[in-house]
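Novice: Pasting a structure here, questions to come.
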Amino acid sequence: MTSIIYPTTNLKQLEQLNIVKGEGIYVYDDAGNQYLEGLAGLWCASLGYGNEELIDAITHQLKTLSYSHMFGGRTHNIVIQLADKLNEMLPVENGKVFFANSGSEANDSHMKMLRYYFNVTGEPQKKKIIALERSYHGVTLAAASLTGLPANHTHFSLPVKELGILRTDSPHYYRSRIDNESEREFCTRILNNLEELIIKEGPETIAAFIAEPIGGASGVVVPPDSYFPEVETLLTKYDIMLWSDEVICGFGRTGNDFGCETMGFKPQLLSLAKQLSSAYLPISASVIPDYMYEAMVEPSSQVGVFGHGYTYSGHPAACAAALKTLEIYQRDKLFEHAREMGSYMQNRLREFSDHPIVGEVRGRGLLAAVELVANKNTGESFEDASVGAFAKQSCQDHGLLIRAVGGNSIAFCPPLIINTEQIDEMIEKFSQALQVTLDYVSAEGLLNH
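What follows is the structure, encoded as structure tokens:
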């Protein structure tokens, strides 16, 4: 027994995999076993492990200026450089960037800034936020309320209603369609439901609609191509901001610079984290449009302060890590590389489409999931998430680290630096683990053919 409260873990689970070393796309446990990191840690280690350039940039910054805050008129060069570099890359014109430490904090900060903005512009009733069923947006009290996964709500008594969080349909056609509904009919139905929700609640009370371009913890849910463009049209009609949670999808992950570009929409708000620094140090960003920032300036002067910020907002070492990460992305054309490798990985994974317990293979770029089902013909799920957990452990036994998400979907999100030979290695390890899983569900009578 240790003194640690482990995050997002079954607290009765006593056995832990102790990782002691990382190199490239591989990590090693305390027994010397090598694992291919098929999920880039937690969707974040885009440049892999042990990148000397990143380590040197962080070390240099720590030697030069190990800490400086940004409160009350103070700043430092590295945070200014990072904000300027981000603005060159972002799909939000003249965006203003607020730095925090995690995706949860970035989303939490957005919620506060939305309230601030609408309060000072004379629309204090405009506080509600629409989020998707089975979405994931973090685990602070506010961000967990945005999240739509039961495990993140149970026993926590989250202030969902008090914060004005509204829920609308998940755009997962495979899992959420009704009977023989076509993809077009599915989209029409859930968009009608969204519009009905807006009208029922009153568009004048709704500040924003938040979504990941492609879901992560929800099971790597890829919406139909027409979904987000039609959502954007609907939100424009009712004067509701479109907020893209790019914590997983940002920085080349889905085959474009940002997930919103892959899925064909232009948001007003962006949340960034994870691949912003390749996870070498914690940092996140909330990006808002210039007009929103300008509306907040004078009111903050009247109060004497914009009363939001963190001790570690814009931490110099974290900013150095992020700035060097962005430099490497651009210099080494890693987004283009990730697009090519993503196409290769998607094609290799789709070789499992005919497997007896595979219901759907889905994804974009270097982000994908293989959903395991009890009945391939009907798409019927297994009764609980134990099959996904078994497959995850089997992958680990074969030297591949992944996660089971959204029930029994096996997620893939390898570092952007992966090559074709390493993808082949990943696929081979998964193939072996999948065969063991098939043997298990067959022996246990869990199939429903």
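Heads up: the sequence shown begins at 55 in my numbering, then just goes up one per residue.
Backbone N, C-alpha and C define an ideal beta-carbon position, used for all residues, glycine too.
Along the chain, where does the beta strand (DSSP E) containing residue 88 start, and where does it finish?
Specialist: The residue given as residue 88 occupies position 34 in the sequence shown. Segment 88 to 91, the beta strand (DSSP E) holding residue 88.
Novice: Could you name the residues of the same chain whose beta carbon sits closer than 6 angstroms to that of residue 286, not counting the 5 residues immediately before and after it, in chain order?
Specialist: Position 232 of the sequence shown holds residue 286. Within the same chain, residue 286 has close Cβ partners 296, 319.
Novice: Using alpha carbons as the reference points, say which of 473, 480, 441, 463 lies closest to residue 498.
Specialist: Start at 1 with the first residue of the sequence shown, and residue 498 comes out as number 444. Nearest option by C-alpha distance: 441.
Novice: Report the three-state DSSP secondary structure of residue 493 (helix, strand or coil).
Specialist: Within the sequence shown, the letter at position 439 stands for residue 493. It is helical.
Novice: So for residue 261, helix, strand or coil by DSSP?
Specialist: Taking the first residue of the sequence shown as position 1, residue 261 is located at position 207. Strand.
Novice: Tell me residue 383's beta-bridge partners as DSSP assigns them.
Specialist: As a working mapping, residue 383 is identified with position 329 in the sequence shown. For residue 383, which the question treats as bridged, DSSP gives no partner whatsoever.
Novice: Looking at the secondary structure, which residues open and close the alpha helix (DSSP H) in which residue 299 lies?
Specialist: On the sequence shown, position 245 is the one that residue 299 refers to. Element bounds for residue 299: not the alpha helix (DSSP H) but the beta strand (DSSP E), 295 to 299.
Novice: Cα-Cα, which of 402, 446, 437, 415 is closest to residue 473?
Specialist: Here residue 473 corresponds to residue number 419 of the sequence shown, with the count starting at 1. Cα-wise, what sits closest to residue 473 is 402.
Novice: Among 258, 490, 385, 280, which residue has its Cα nearest to the Cα of residue 267?
Specialist: As a first step, residue 267 is located in the sequence shown; it is residue number 213 there, counting from the start. Nearest option by C-alpha distance: 280.
Novice: Would you say residue 341 and residue 330 are within 8 angstroms of each other, going by their C-beta atoms?
Specialist: Sequence index remark: in the sequence shown, residue 341 carries index 287 (1-based). Sequence index remark: in the sequence shown, residue 330 carries index 276 (1-based). No.
Novice: Please classify residue 233 as buried or exposed, where buried requires at least 16 neighbouring CB atoms within 10 angstroms.
Specialist: On the sequence shown, residue 233 is found 179 positions in, with the first residue counted as 1. Exposed.
Novice: Candidates 435, 422, 482: which alpha carbon is nearest residue 448's?
Specialist: Walking along the sequence shown from the start, residue 448 turns up at place 394. Ranking 435, 422, 482 by Cα distance to residue 448 puts 482 first.
Novice: Three-state secondary structure (DSSP) at residue 344?
Specialist: Here residue 344 is taken as the residue at index 290 of the sequence shown, counted from 1. Here residue 344 sits in helix by DSSP.
Novice: Determine contact between the region 140 to 154 and the region 213 to 228, defined as no fewer than three beta-carbon pairs at a distance below 8 angstroms.
Specialist: Because the criterion of three Cβ pairs below 8 angstroms is not met, the region 140 to 154 and the region 213 to 228 do not touch.
Novice: Let me know if residue 491 comes out buried or exposed under the rule of 16 or more other beta-carbons within 10 Å of its beta-carbon.
Specialist: Taking the first residue of the sequence shown as 1, we reach residue 491 at position 437. So residue 491 ends up on the buried side.
Novice: Are residue 326 and residue 388 touching if we call contact CB-CB under 8 angstroms?
Specialist: Indexing the sequence shown from 1 puts residue 326 at position 272. Indexing the sequence shown from 1 puts residue 388 at position 334. Cβ distance not < 8 angstroms, so residue 326 and residue 388 don't count as in contact.
Novice: Just mark residue 163 as buried or exposed, buried being the case when its beta carbon has 16 or more other beta carbons within 10 Å.
Specialist: For the purposes of this step, residue 163 is taken as residue 109 along the sequence shown, with counting starting at 1. The residue in question, residue 163, is buried, as its Cβ has 16 or more Cβ neighbours within 10 Å.
Novice: Would residue 502 and residue 434 be called neighbours here (beta carbons separated by less than 8 angstroms)?
Specialist: If you number the sequence shown from 1, residue 502 lands on position 448. If you number the sequence shown from 1, residue 434 lands on position 380. Cβ atoms of residue 502 and residue 434: closer than 8 angstroms.
Novice: Please classify residue 460: is it buried, with 16 or more other beta-carbons within 10 angstroms of its beta-carbon, or exposed?
Specialist: Working through the sequence shown from its first residue, we reach residue 460 at position 406. Classification of residue 460: buried, given that the 10 Å Cβ count is 16 or more.
Novice: State the DSSP-derived secondary structure class of residue 158, mapped to helix, strand or coil.
Specialist: The residue labelled residue 158 in the question sits at position 104 within the sequence shown. Reduced to three states, the DSSP call for residue 158 is helix.
Novice: Mapping DSSP to helix, strand and coil, what is residue 201?
Specialist: Reading the sequence shown from its first residue, position 147 is the one you call residue 201. In this structure, residue 201 counts as coil in the three-state DSSP scheme.
Novice: Start and end of the alpha helix (DSSP H) containing residue 228?
Specialist: Within the sequence shown, the letter at position 174 stands for residue 228. 227 to 230 is the span of the alpha helix (DSSP H), which, as asked, contains residue 228.
Novice: Buried or exposed: where does residue 117 fall if 16 or more other Cβ atoms within 10 Å of its Cβ makes it buried?
Specialist: One-based indexing of the sequence shown puts residue 117 at position 63. It counts as exposed.
Novice: Would you mind giving the Cβ-Cβ distance between residue 428 and residue 463, rounded to the nearest angstrom? I have them listed as a contact below 8 angstroms.
Specialist: Translated into the one-based positions of the sequence shown, residue 428 becomes position 374. Translated into the one-based positions of the sequence shown, residue 463 becomes position 409. With a Cβ gap of about 14 angstroms, residue 428 and residue 463 do not count as contacting.
Novice: Looking at the unbroken alpha helix (DSSP H) that takes in residue 136, where does it start and where does it end?
Specialist: Within the sequence shown, residue 136 is the residue found at index 82, counting from 1. Per DSSP, residue 136 belongs to the alpha helix (DSSP H) from 131 to 143.
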